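S.K.:
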Amino acid sequence: MDPQTVIAKRIALELQDGTLVNLGIGIPTRVANYVPAGIKVYFQSENGLIGTGAVPEEGMHHRLLTDAGGKPVTALPGACVFDSAMSFGLIRGGHLAMTVLGGLQVDQAGHLANWMIPGKMVPGMGGAMDLASGAKRVVIAMQHSAKGKSKVVKACTLPLTSVRPIDLLVTELAVIAFPGGRATLMETASGVSVQQVLDATDAELVVPDNVPEMAI
Amino acid sequence: MRTLSLPEAVALIPDGASLMIGGFMGVGTPEIIVDELVRQGKHDLTVIGNDTAMPGVGIGKLVRARLVKKAIVSHIGTNPETQAQMIAGEMEVDLVPQGTLIERIRAGGFGLGGILTATGLGTLVGEGKQKVAIAGKEYLVEPALRADFALVNAFMADYLGNLAYALTGRNFNPVIAMAADTVIVAADNVVPVGLISPDHVITPAPLVDYLIAQS
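Put into structure tokens, the structure is as follows:
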């Protein structure tokens, strides 16, 4: 299984029946492909849609029905639309059960940096700061390392997205939570040892006696 | 509400004006108004909107024509031309978290001086800004935003100027229609009064100053 699929499948297990969830661009979008059978999740697209469906068949797209990346989507039966003020009221107002975002760095206190690399990449934060500050539960989908360097760091060196700590980090190697503000290894990926995770991680990780494998 | 031709409506906009423009990655942007702004060469504009879309799309057309002096937006990552002009110092870009941006505009249209939000606290966004604590929770003070003109794209307008939107084309449009001194609307369809039922009017007619005549 490729790293992105591992991450998306594991995060899909966090989805709760009947809840409103926002998925960011990239790996987070793929979580929608693995909704566990028997549960109904409402996916929000922050450009003003609840009930985002799959990519339309060729020739069936509508220029006014798009995802937060501006790409054509479909709307599921029961979908609804609203303006951007309502959309962010849902996000900040405690109505969004979970957001899944990508990350550039996550540190051992659970701080997230995902919106700029000074001097290199300044795309703007879009909705990321509101999502990271406002959602009830913040889950980060991120590859463990980039160019041989751990993205799970002691302290973020890139500008923070929010000072509110994230709740869960899922990489292709591990699931990490932050009880008491300390990065704690909750699960490893299939065939990955605790030592392999520690070797690939710059942050200090609390390792419980029993670390199960991801059940994907 | 008055009906004007497209060139007449855009001629109302002076160089240096501040414009709120509807749309999200160009979806729900009044493209015909943007095209006419480029044709008439309106320059030194301050543009307030969600993003600068892609090169040559939506607000990206104004960027390409180098008509934008300042952009107040949440995202420029999909438009390398905006980034290039920003880095070259040719355009000022004020990046604002999307939820803060739309709520500042909403405040501007709803008669409020600003908003309190936790978004951006402790980050670069919060640097140098006033903070207040209410019931033990800290917030950033973010001022209301208004503009000289709102350029709105509606899916339907009736002959009075009542507006309805379609799908994700709504985004910033009804909010900016509250927050500008002059509201100019490009509607995809103009329909008889009554065809948009009262329950489905999102922007009430008295908010609309000018509706661009169908050509």
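One line per chain: the protein sequences are C and X, in this order.
Under this note's numbering, the first residue of the first sequence carries the number -3, and numbering increases by one thereafter.
Under this note's numbering, the first residue of the second sequence carries the number 5, and numbering increases by one thereafter.
A virtual CB, placed ideally from N, CA and C, is assigned to each residue, including glycine.
In this text the structure is predicted, and so the values were computed from the model without any measurement.
Report the residue from Ser80(C), Ala185(C), Thr180(C) whose alpha carbon sits nearest the alpha carbon of Ala170(C).
M.R.: Of the listed residues, the one whose Cα sits closest to Ala170(C) is Ala185(C).
S.K.: Could you tell me the alpha carbon to alpha carbon distance between Gln89(X) and Met95(X), rounded to whole angstroms?
M.R.: Rounded to whole angstroms, Gln89(X) to Met95(X) spans 5 Å at the Cα level.
S.K.: Chain X partners of Arg26(C), CB-CB under 9 Å?
M.R.: Within 9 Å Cβ-Cβ: nothing; Arg26(C) doesn't reach chain X, min ~20 Å.
S.K.: Going by C-alpha to C-alpha distance, which of Gly47(C), Met82(C), Leu92(C) sits closest to Pro73(C)?
M.R.: The residue with the shortest Cα to Cα distance from Pro73(C) is Gly47(C).
S.K.: Identify the continuous alpha helix (DSSP H) that holds Ala13(X) and give its terminal residues.
M.R.: That run of the alpha helix (DSSP H) goes 10 to 15.
S.K.: Is the beta carbon of Asn43(C) sitting closer than 8 Å to the one on Ala64(C)?
M.R.: Going by C-beta atoms, Asn43(C) is nearer than 8 Å to Ala64(C).
S.K.: Between the Cα of Ala170(X) and those of Leu19(C), Met210(C), Leu60(C), spot the shortest distance and give me the residue it belongs to.
M.R.: If we check each option's Cα against that of Ala170(X), Leu60(C) comes out closest.
S.K.: Using a cut-off of 8 Å between C-beta atoms, extract the partners of Phe78(C) located in chain X.
M.R.: Result: Arg174.
S.K.: For a minimum of 4 consecutive residues, which ranges assigned as the alpha helix (DSSP H) are wholly contained in the segment 140 to 209 of chain C?
M.R.: Correct list: 190 to 195.
S.K.: Kindly examine the ligand ADP and report whether one of its heavy atoms sits closer than 7 Å to the Cβ of Val100(X).
M.R.: Ligands are entirely absent from the displayed structure, and the ligand ADP is therefore not among its contents.
S.K.: For the beta strand (DSSP E) containing His187(X), name the first residue and the last one.
M.R.: With the sequence shown as reference, residue 187(X) is identified as Val, and His is not the correct amino acid for it. Here the beta strand (DSSP E) through Val187(X) covers 184 to 195.
S.K.: What residues are listed by DSSP as bridge partners for Pro147(X)?
M.R.: Answer is Gly118(X).
S.K.: Rounded to whole angstroms, how far is the Cβ of Val135(C) from the Cβ of Ile3(C), which I believe are closer than 8 Å?
M.R.: Actually they do not touch by this definition, with Cβ atoms about 10 Å apart.
S.K.: Kindly list, in the order they appear in chain X, the residues whose Cβ is closer than 7 Å to that of Ala81(C).
M.R.: Going along chain X in sequence order, the residues near Ala81(C) (Cβ under 7 Å) are Ile106, Glu107, Arg110, Val179.
S.K.: Identify whether Ile23(C) lies in helix, strand or coil by the three-state DSSP scheme.
M.R.: In this structure, Ile23(C) counts as helix in the three-state DSSP scheme.
S.K.: Excluding the 5 residues preceding and the 5 following Val215(C) in the sequence, name in chain order all residues of the same chain whose CB lies nearer than 6 Å to its CB.
M.R.: In the structure displayed, chain C extends from -3 to 212; residue 215(C) sits before or after that span and is not available.
S.K.: Using a beta-carbon distance below 8 Å, is His91(C) in contact with chain X?
M.R.: By this cut-off, His91(C) is not an interface position.
S.K.: Would you say Glu53(C) lies against chain X (beta-carbon separation less than 8 Å)?
M.R.: Cβ-Cβ to chain X under 8 Å: no for Glu53(C).
S.K.: Could you give the first and the last residue of the continuous beta strand (DSSP E) run that contains Val97(X)?
M.R.: Run containing Val97(X): 96 to 99, per the beta strand (DSSP E) assignment.
S.K.: Using a Cβ distance threshold of 8 Å, determine whether the segment 118 to 129 of chain C contacts the segment 77 to 89 of chain X, with at least three qualifying pairs required.
M.R.: Yes, since at least three Cβ pairs between the segment 118 to 129 of chain C and the segment 77 to 89 of chain X fall closer than 8 Å, the two stretches touch.
S.K.: Return the bridge partner residues of Asn18(C) from the DSSP annotation.
M.R.: Gln40(C), Thr95(C), per the DSSP bridge assignment.
S.K.: Select from the segment 16 to 46 of chain X all residues with a C-beta closer than 7 Å to any C-beta belonging to chain C, and list them in chain order.
M.R.: Cβ contacts with chain C: Phe28, Met29, Gly30, Val31, Gly32.
S.K.: Kindly give me the distance between the Cβ atoms of Gly26(X) and Asn177(X), rounded to whole angstroms, as I take these residues to be in contact under 8 Å.
M.R.: So it is a contact: roughly 4 Å between Cβ atoms.
S.K.: Any chance you could list the alpha helix (DSSP H) runs of at least 4 consecutive residues sitting entirely within the segment 68 to 132 of chain C, in chain order?
M.R.: Counting whole runs of 4 or more residues, the segment 68 to 132 of chain C contains the alpha helix (DSSP H) stretches 80 to 88, 124 to 130.
S.K.: Can you look up Ile106(X) in the DSSP assignment and give me helix, strand or coil?
M.R.: Ile106(X) falls in the helix class under three-state DSSP.
S.K.: Taking Gly14(C) as the reference, which of Pro(-1)(C), Pro24(C), Val37(C) has the closest Cα?
M.R.: Selected option, being the one with the closest Cα: Val37(C).
S.K.: Would you be able to state if there are at least three C-beta pairs under 8 Å between the segment 193 to 210 of chain C and the segment 22 to 38 of chain X?
M.R.: Contact between the segment 22 to 38 of chain X and the segment 193 to 210 of chain C is absent, because fewer than three Cβ pairs lie under 8 Å.
S.K.: Is the CB of Gly99(C) under 8 Å away from at least one CB in chain X?
M.R.: For Gly99(C), the answer is no, since every Cβ of chain X falls outside 8 Å of its Cβ.
S.K.: Got a sec: is the Cβ-Cβ distance from Ala148(X) to anything in chain C below 8 Å?
M.R.: Not an interface residue.
S.K.: Roughly how many angstroms separate the alpha carbons of Ala209(X) and Ile36(X), rounded to a whole number?
M.R.: Rounded to the nearest angstrom, the two C-alpha atoms are 21 Å apart.
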